[in-house]
């Protein structure tokens, strides 16, 4: 059966990839694709954020403003890594659910401190 996707948004392309992977192989291939994609996206977001943090560290003279900017920029890797870990672990495992809950709570606490 052919799948037709209209529009050109990136989300449509990702959904098309998921349908193709799940229809031509096992669900495991589709899941591993999303796990791999989340790892690449988290790594890219972290690298960009670290680059910006380095620039702020070297260019911003006011220490108080620099500290606030760095705290805010650090939210990107924290959120990206948390989302990536949530996709990496099997949600059926009781141990992994507890670990993911702790990681998510730490992320939420950090978010409340920054904001």
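In the working numbering, the protein residues as written are 167 to 281. Even for Gly, the Cβ is constructed at its ideal location relative to N, Cα and C.
As assigned by DSSP and simplified to three states, the class of residue i
| i | result |
| --- | --- |
| residue 227 | coil |
| residue 255 | coil |
| residue 281 | coil |
Cβ neighbours of residue i in the same chain (closer than 8 Å, five flanking residues each side left out)
| i | result |
| --- | --- |
| residue 236 | 219, 222 and 223 |
| residue 247 | 208 and 212 |
| residue 241 | 276, 277 and 280 |
Cβ neighbour criterion (16 or more within 10 Å) applied to residue i
| i | result |
| --- | --- |
| residue 278 | exposed |
| residue 281 | exposed |
Own chain, CB closer than 6 Å to residue i, minus 5 neighbours either side, in chain order
| i | result |
| --- | --- |
| residue 194 | Bear in mind that the predicted position of residue 194 carries a pLDDT of just 48, short of 50, making it too unreliable to give a figure here. |
| residue 204 | 250 and 253 |
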